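K.L.:
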Amino acid sequence: MGLKKWKGTGDIFKWRNHDIFYQQAGEGEAVFLLHGFVTSSWDWHLIWKDLSQHFHLFAPDFMGFGYSAKPVDYPYSYDERAELIYDLAALHGYDEIHLIARSFNVSLAQEMILRHNEGRSPVRIKSVVLLNGRLFPWTYQIAFSQWILLSPVGKWVGPLYGKGTLRRIYAKYFGKYIKMPESLVEEYYQLVKYNQGKKVIHLLIGYWHERLQKGKVWEQALKDTEIPIQLIWGIEGQDEVGGMKTLHYYRDHIQNQYLVMLKDIGHFAPLECPEVVSDYYIRFMEGIGVLGGTNTDG
Numbered sequence: 011m012g013l014k015k016w017k018g019t020g021d022i023f024k025w026r027n028h029d030i031f032y033q034q035a036g037e038g039e040a041v042f043l044l045h046g047f048v049t050s051s052w053d054w055h056l057i058w059k060d061l062s063q064h065f066h067l068f069a070p071d072f073m074g075f076g077y078s079a080k081p082v083d084y085p086y087s088y089d090e091r092a093e094l095i096y097d098l099a100a101l102h103g104y105d106e107i108h109l110i111a112r113s114f115n116v117s118l119a120q121e122m123i124l125r126h127n128e129g130r131s132p133v134r135i136k137s138v139v140l141l142n143g144r145l146f147p148w149t150y151q152i153a154f155s156q157w158i159l160l161s162p163v164g165k166w167v168g169p170l171y172g173k174g175t176l177r178r179i180y181a182k183y184f185g186k187y188i189k190m191p192e193s194l195v196e197e198y199y200q201l202v203k204y205n206q207g208k209k210v211i212h213l214l215i216g217y218w219h220e221r222l223q224k225g226k227v228w229e230q231a232l233k234d235t236e237i238p239i240q241l242i243w244g245i246e247g248q249d250e251v252g253g254m255k256t257l258h259y260y261r262d263h264i265q266n267q268y269l270v271m272l273k274d275i276g277h278f279a280p281l282e283c284p285e286v287v288s289d290y291y292i293r294f295m296e297g298i299g300v301l302g303g304t305n306t307d308g
C-alpha cells in the first residue's frame, strides 16, 4: 500500500476538537501500534498486511504528527497520548488491548503500563511489544539535534527541518547493510511538512522533559507489571537512540524471557526487516496464548 492509499483509506477521529487520523484493519483482538519520532503511523505499513490477518490493528497519528492536527497552542504530552488511545479503544468497543510501540513512544507504553499497574487504566493491557527506544534516558546523552530543539531557539530551528535532516538521521540509524530508500525519505518528509508540521517540532520534543521526570517511575513499572512484554531490538551499534546500552541496562535490571535481538538491524526494525518483526510478534502472541482465542470487536 502506498502513502496516498494509506491516507485515502484511513479514518478521522474527532478528538478534543481536533482531527486525529488513524488506520485500522483486520479482525480479532485489538492491537494499537504507537509510532516513532518524528514519523507517523506510516512506520507500520510494511507489517500491516501480515498482522491484520490475525488482529484488529489500530495505528493513529498522534497530535502533531502525520495527517493529524498540529496545533501550536497545545499541551503535547504522554498523558494526552494515553487518553487518545483509551478513547479510540472505547470508540470501537474495546476494553482489552495490546500495544506495539517504537522509538519515543516506548515511553507512552511505559506510562500506560504504569497506569494499568496502579488500576488507573480504563482498559486492560494484555501485552506489550517494544522496539528500539530510550526506555532509560540516563543511559544516553541527548543528541545535539534534540538539544537544540529543546533550547530557546528551537522554535526557529524546527522550520529548518528538511529532507536532508531526515536523510542523515535514517542513514545513521538504519542497520549496517540496509539503506533507507529515497522514496521513503520523501514520504516521511511530506508527512512532517503536512499541515505546517515543522512549526510544532520543537513542541513535540518536550517528551524529553517527561522522560527525565518520570523515567525511574516508568522503570519500576516495567519491573512490577504482570503484563507480558517482548522486546524486539535492533542491535546495530550506530543506534544511539535505543540500541545496545538500553538493552544491556534492561537485561541487568528487568527479568524478561521475551527478548529478541536482531543482528545488523538498527533503529527502524519494522522498515528494515518487516517480515522478521511480524514473525516474532506472531510467535510471541502464540506463546502467551492470545492467538487461537475467540475475541470480537464490540
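Oh and the sequence shown: position 169 is 179 in the numbering used here, straight run, nothing missing. Even for Gly, the Cβ is constructed at its ideal location relative to N, Cα and C. Keep in mind it's a predicted model, so treat the numbers as computed, not measured.
Quick one: what's got a C-beta closer than 6 Å to C283's C-beta in the same chain, skipping five residues either side?
P.N.:
I275
K.L.:
Starting from the C-beta of A79, find all residues in its chain whose C-beta is less than 8 Å away, skip the five residues before and the five after it, and write them out in chain order.
P.N.:
H28, D29, I30, M73, N205
K.L.:
Given a cut-off of 7 Å, decide if T235 and N142 are closer than it, judged by their beta-carbon atoms.
P.N.:
No; because the gap between Cβ atoms is not below 7 Å, this pair is not in contact.
K.L.:
Mind checking E246: buried by the 16 CB within 10 Å criterion, or exposed?
P.N.:
buried
K.L.:
What runs of the beta strand (DSSP E), each 3 residues or longer, lie entirely inside the stretch 13-66?
P.N.:
21-25, 28-35, 40-44
K.L.:
Evaluate W166 with the Cβ neighbour count: other Cβ atoms within 10 Å of its Cβ, from every protein chain shown; 16 or more gives buried, anything less gives exposed.
P.N.:
W166 is exposed by the Cβ-count criterion.
K.L.:
Return yes when the Cβ of L44 is within less than 7 Å of the Cβ of L118, no when it is not.
P.N.:
yes
K.L.:
How big is the Cα-Cα spacing for G172 and V300?
P.N.:
42 Å
K.L.:
For Q338, which residues from the same chain have a beta carbon less than 8 Å from its beta carbon, with the 5 sequence-adjacent residues on both sides left out?
P.N.:
Within the shown structure, residues of the chain are numbered from 11 to 308, placing residue 338 beyond reach of any answer.
K.L.:
Which same chain residues, not among the five before or five after Y180, have their C-beta less than 6 Å away from its C-beta?
P.N.:
M190
K.L.:
Which of the three DSSP states, helix, strand or coil, is assigned to K203?
P.N.:
helix
K.L.:
Apart from the five residues on each side of it in sequence, which residues of its chain come closer than 8 Å, Cβ to Cβ, to W218?
P.N.:
P147, I152, Q156, L160
K.L.:
So, for G207: in the same chain, excluding its five sequence neighbours on each side, which residues have a beta-carbon less than 6 Å away from its beta-carbon?
P.N.:
K80
K.L.:
Assuming I123 and I237 are in contact, meaning their beta carbons sit under 8 Å apart, how far apart are those beta carbons, in whole angstroms?
P.N.:
6 Å
K.L.:
Measure the alpha-carbon distance for P70 versus S51 and round it to whole angstroms.
P.N.:
6 Å
K.L.:
According to DSSP, what are the bridge partners of Q240?
P.N.:
V139
K.L.:
Name the DSSP bridge partner or partners of L272?
P.N.:
G244
K.L.:
When burial is assigned at 16 or more other CB atoms within 10 Å of the CB, is Q265 buried or exposed?
P.N.:
exposed
K.L.:
Along the beta strand (DSSP E) that carries R293, what are the first and last residues, could you check?
P.N.:
R293 -> not in any beta strand (DSSP E); alpha helix (DSSP H) instead, spanning 284-297.
K.L.:
Please classify F278: does DSSP put it in a helix, a strand, or coil?
P.N.:
coil
K.L.:
Classify P70 as helix, strand or coil using the three-state DSSP reduction.
P.N.:
In this structure, P70 counts as strand in the three-state DSSP scheme.
K.L.:
Which first and last residues belong to the beta strand (DSSP E) in which R221 is found?
P.N.:
That residue, R221, is in no beta strand (DSSP E); its alpha helix (DSSP H) goes 217-234.
K.L.:
Residue range of the alpha helix (DSSP H) that A79 falls in?
P.N.:
A79 -> no alpha helix (DSSP H), and no H or E assigned at all.
K.L.:
Going by Cα to Cα distance, which pick from V41, R26, D53 is closest to G12?
P.N.:
D53
K.L.:
Can you check whether the CB of F154 is closer than 7 Å to the CB of F278?
P.N.:
Not in contact: F278 and F154 (Cβ atoms no closer than 7 Å).
K.L.:
Taking the alpha-carbon positions, what's the E229 to A92 distance?
P.N.:
17 Å
K.L.:
Are the Cβ atoms of Q240 and Y268 separated by less than 7 Å?
P.N.:
yes
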